[in-house]
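For the working numbering, count along the sequence shown from 1 and bump the result up by 3. Quick reminder that beta carbons are idealized off the backbone N, C-alpha and C, glycines included. Note that the coordinates shown come from a computational prediction; the quantities given were computed from them, not determined experimentally. As structure tokens, the structure follows; a few thoughts come after it.
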Amino acid sequence: MTPTVDARFALRKPEPGDYAQLTRWISDAHAAQRWAGPNTPWPLDGPGLALALHREQARPHALVDATGSLIAFGEYYFKPPAIVRFARLIVNPARRGQRIIDTLILRLAAEADRHGAANTLELAVFADNAQAVRAYKRLGFGVCKGILGDDIMTLQRAAFH
Ligand SMILES: CC(C)(COP(=O)(O)OP(=O)(O)OC[C@H]1O[C@@H](n2cnc3c(N)ncnc32)[C@H](O)[C@@H]1OP(=O)(O)O)[C@@H](O)C(=O)NCCC(=O)NCCS
Numbered sequence: 004m005t006p007t008v009d010a011r012f013a014l015r016k017p018e019p020g021d022y023a024q025l026t027r028w029i030s031d032a033h034a035a036q037r038w039a040g041p042n043t044p045w046p047l048d049g050p051g052l053a054l055a056l057h058r059e060q061a062r063p064h065a066l067v068d069a070t071g072s073l074i075a076f077g078e079y080y081f082k083p084p085a086i087v088r089f090a091r092l093i094v095n096p097a098r099r100g101q102r103i104i105d106t107l108i109l110r111l112a113a114e115a116d117r118h119g120a121a122n123t124l125e126l127a128v129f130a131d132n133a134q135a136v137r138a139y140k141r142l143g144f145g146v147c148k149g150i151l152g153d154d155i156m157t158l159q160r161a162a163f164h
């Protein structure tokens, strides 16, 4: 199954104001760690979040609407030999439940495609993050490694092309 892209939304490089906005989407340390990983410090301001999220190999992107407002955020990186791994996926809390995750993942996958070859898409999620697991399974991701430390599952699916 190929998810649907919402043509109103575009991907661009994150700007400092995006990170400030992301801090307002995170309610507490638990939410920060579910989103960005178990070692994410909290609370943070925008510059602190940009620094905490920085990883050499990751390519962060903002999904914005026609007015430039931040709708969602996510990263991808290449995992040799042929995996694109998504990370730090998050949708504006006011826009959840509208399948914006489909557009985010498809756009990130298309962007990754422009920079390298991959046959597998991958992401990791806390097993009890029911909304995320529900979305990813609907998008065709299946569990490839069972629950590891910190109750994290790895999910994969074939590339969309
Ligand atoms: C996980 C997440 C990215 C999903 O994005 P989304 O665009 O809302 O995804 P969907 O529209 O497919 O909704 C997924 C599920 O969320 C639930 N949901 C529905 N409306 C919702 C709302 N208003 N608010 C929150 N969750 C809602 C539903 O169970 C929905 O599944 P269903 O439509 O099959 O019933 C988003 O919930 C999010 O940003 N969560 C916080 C950050 C996070 O946990 N990221 C994952 C890291 S791996």
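Among the options, the one whose alpha carbon lies nearest that of residue i
i, options, result
"Ala121", "Leu109, Asp105, Lys82", "Lys82"
"Arg62", "Ala69, Ala53, Thr70", "Ala53"
"Leu68", "Val128, Ala161, Ala135, Phe12", "For clarity, residue 68 is Asp in the given sequence; the question names Leu instead. The residue with the shortest Cα to Cα distance from Asp68 is Phe12."
"Leu111", "His64, Asp131, Gly100", "His64"
"Tyr79", "Thr70, Val146, Lys16, Val136", "Lys16"
"Cys147", "Ala138, Glu18, Ala161, Gln134", "Ala161"
"Val87", "Val136, Ile74, Leu158", "Leu158"
"Thr70", "Ala135, Leu14, Thr26", "Leu14"
"Gln24", "Pro44, Gly51, Arg37, Val8", "Gly51"
Bounding residues of the beta strand (DSSP E) (the contiguous stretch that carries residue i)
i, result
"Thr123", "123-129"
"Leu73", "73-82"
"Gly145", "145-148"
"Arg196", "No answer is possible for residue 196: it lies beyond the span of the chain, which begins at 4 and ends at 164."
"Gln101", "Where Gln101 is concerned, there is no enclosing beta strand (DSSP E), given that its DSSP letter is neither H nor E."
"His64", "62-67"
Whole-angstrom distance between residue j and residue i, CA atom to CA atom
i, j, result
"Ala113", "Ser30", "31 Å"
"Ala35", "Arg91", "10 Å"
"Trp28", "Gly20", "13 Å"
"Leu56", "Ala39", "7 Å"
"His164", "Asn132", "28 Å"
"Gly119", "Asn42", "29 Å"
"Asp154", "Lys140", "17 Å"
"Leu126", "Leu107", "13 Å"
"Val128", "Ser72", "26 Å"
Distance cut-off 7 Å: residue i Cβ against heavy atoms of ligand 1
i, result
"Val128", "yes"
"Leu47", "no"
"Leu92", "yes"
"Asn132", "yes"
"Ile11", "Here the sequence assigns Arg to residue 11, which means Ile is not the residue at that position. It does not: the Cβ of Arg11 is nowhere closer than 7 Å to a heavy atom of ligand 1."
"Ile103", "yes"
"Gly143", "no"
"Gly100", "yes"
"Arg88", "no"
"Arg37", "yes"
Other residues of its chain near residue i: CB distance less than 6 Å, five sequence neighbours each side excluded
i, result
"Pro6", "Asp105, Leu109, Leu142"
Boundaries of the alpha helix (DSSP H) in which residue i is found, first to last residue
i, result
"Pro50", "49-56"
"Arg3", "Nothing can be reported for residue 3, as the shown portion of the chain is limited to 4 through 164."
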